[in-house]
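**Student:** Residue numbers (this note's numbering): 69 to 409.
Idealized CB from N, CA, C, for every residue including glycine.
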Amino acid sequence: MKKILVYGELNSKDNTIEKVTFELLNKARRLSSEAKELKQDEEYIVEVVFCASYLVDDEINKAFKAGANRVVLIKDSVFDTFYSTVYADAFLEYFDKNPSDIILFPATPKGRLIAPRVTVQLDTGLVADCIEAEFVLKNDKLLFAPTRPTFGSELMATILSKKAPYCATIRKGVFKTDFSNAKTGEFVEYTPISYHEDRIKLIKTILNKDKNDVDFTNAKVVLCGGYGLYSNKSDEYYKKLKKLAKITDSFFGVTRKVVDFNLAEQKYQIGQTGSTVQAKLYVAFGVSGAIQHIQGMKNSKTIVAINTDENADIFKYSDYKIVADAKKVIDDLLIYFDIKI
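1. Spell out the partners DSSP gives Ile390 in its beta bridges.
2. By the three-class DSSP mapping on this structure, what secondary structure does Ala213 have?
3. Classify Ser145: buried if its beta carbon has 16 or more other beta carbons within 10 angstroms, exposed otherwise.
4. Mark Phe405 as exposed unless 16 or more other C-beta atoms lie within 10 angstroms of its C-beta, in which case mark it buried.
5. With a threshold of 7 Å on Cβ separation, who are the neighbours of Glu77 within its own chain once the five nearest residues in sequence on each side are excluded?
6. Short of 8 Å in beta carbon distance, which residues of its chain neighbour Lys384, apart from the five on each side in sequence? Order them along the chain.
7. Consult DSSP for Phe320 and reduce its assignment to one of helix, strand or coil.
8. Counting beta carbon pairs with one atom in the region 252–264 and one in the region 317–336, are three or more of them shorter than 8 Å?
9. Which runs of the beta strand (DSSP E) fall wholly inside the region 180–211 and span at least 3 residues, in chain order?
10. Find the nearest neighbour of Lys310 within the set Lys325, Arg324, Lys301 and Leu331, judged by alpha-carbon distance.
11. On the three-state DSSP scale, how would you describe Ser248?
12. Can Arg97 and Val116 be called in contact, C-beta distance under 7 Å?
13. Which residue's Cα is closest to the Cα of Lys231: Ala213, Tyr306 and Thr245?
14. For Gln334 versus Val326, is the C-beta distance shorter than 7 Å?
15. Of all the options Asn83, Glu91 and Phe284, which has the alpha carbon lying nearest to the alpha carbon of Cys239?
16. Measure the alpha-carbon distance for Phe353 versus Asp197 and round it to whole angstroms.
17. First and last residue of the alpha helix (DSSP H) that includes Ile315?
18. Compare the Cα-Cα distances from Gly135 to each of Ile72, Asp191, Arg185 and Leu223 and report the closest residue.
19. Can you tell me where the beta strand (DSSP E) with Lys70 in it begins and where it stops?
20. Quick check on DSSP: helix, strand or coil for Glu111?
21. State the start and end residues of the unbroken alpha helix (DSSP H) segment that holds Val289.
22. Just checking my contact of Arg138 with Gly253 at CB under 8 Å: how many whole Å lie between their CB atoms?
23. Can Ala103 and Leu210 be called in contact, C-beta distance under 7 Å?
24. Are there three or more Cβ pairs, one per stretch, closer than 8 Å when the region 262–273 is compared with the region 141–161?
25. Please return the same chain residues whose Cβ sits closer than 7 Å to the Cβ of Asp381, not counting the five positions on each side in sequence.
26. Please determine, among Asn249, Thr84 and Val74, the residue with the shortest C-alpha to C-alpha distance to Tyr162.
27. Report buried or exposed for Phe9, applying the criterion of at least 16 other Cβ atoms within 10 angstroms of its Cβ.
28. When burial is assigned at 16 or more other CB atoms within 10 Å of the CB, is Ile371 buried or exposed?
29. Quick one: residues in its chain with C-beta nearer than 8 Å to the C-beta of Phe147, no 5 flanking neighbours on either side, listed in chain order?
30. Identify the continuous beta strand (DSSP E) that holds Lys165 and give its terminal residues.
31. Buried or exposed: which applies to Pro167, given that a residue is buried once 16 or more other Cβ atoms fall within 10 Å of its Cβ?
32. Are Ile374 and Ile362 touching if we call contact CB-CB under 7 Å?
33. Would you mind working out which of Cys235, Asp387 and Thr341 sits nearest Leu349, comparing C-alpha positions?
34. Among Asp208, Asn379 and Cys235, whose alpha-carbon lies nearest the alpha-carbon of Gln189?
Have a look at this one:
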């Protein structure tokens, strides 16, 4: 039986499992089903590995519900502080005794440090910052095929690696979470024998207390402004949209071009090179629908697009299409909420 291994990431404050890990587990479970559909004799189990001093029982059960057949805790108090070489060494030691065919890493700051260290030692390739992963059948052989942006996010490239284990880092937010797996699994504790001391030492931890940081992780409603709101060489309508988002308890976002032209801060950018959102309601004001932006919001439950161009690409991905001037719509909404414009 073959195996898909997920590198699990934990919240450093309380060792709860990060949402991106559940996203990868859910995708791994779907990949397992997809493999069997394409080729009956191909069967994969899903395993997730954490480096930590402990795991909470409820979190282990959530991992099973997200799709894991096996949850592994590489247990040591040294993991209470993140040192990339120590984590990588322990992971590699476990992998040497329990190999897998595919490894999925989160494309997070920590995941991006661990993944290359692991793949170099395994003498295999790494497809980075992927936004999709699937199996393809070629010459009666099942191949793992991750997809990532290329040429400045203008095109998508599906890459077939030549050597196992097949490894990829996956951006957070591109896959949905699903805790409908009714099966339980096996929990294993593994104690590492040895690992190299990290050359980098943590001297001091300074928590970012900037309350102005934007975290789209749990955004329910997002109002996104595209370059179509630009008028009279002014950022007037981005400020208006931001005001509208505030009074409606929504999140304000923009497209890459808006940031490139210094009309809004990068922290508000949604898309392949910005944040990824899975909002319940996503409203696009004057957004054309560039592929890099679509990758950042396509998994939203309901998408409403407002654009003067009835053939705008954004409409291909929208549940509701409004052919109108997005600037006027913003003004009308502000008047409706009795806000001076």
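**Tutor:** Put simply:
1. Ile374
2. strand
3. exposed
4. exposed
5. Glu86, Val88, Thr89, Pro174, Thr176, Lys178 and Gly179
6. Gly357
7. strand
8. no
9. 194–198 and 200–206
10. Leu331
11. coil
12. no
13. Ala213
14. no
15. Looking at the sequence provided, one finds Arg at residue 239 rather than Cys. Comparing Cα positions, the closest option is Glu91.
16. 27 Å
17. Glu304 to Ile315
18. Ile72
19. Lys70 to Tyr75
20. coil
21. Not the alpha helix (DSSP H): Val289 falls in the beta strand (DSSP E), residues Val289 to Gly293.
22. 5 Å
23. yes
24. yes
25. Ser356 and Gly357
26. Val74
27. Since the first residue shown for the chain is 69 and the last is 409, residue 9 is missing from the structure and cannot be characterised.
28. buried
29. Cys119, Ala120, Ser121, Val154, Tyr155 and Ala158
30. Run containing Lys165: none in the beta strand (DSSP E); it sits in the alpha helix (DSSP H), Ser152 to Lys165.
31. exposed
32. no
33. Asp387
34. Cys235
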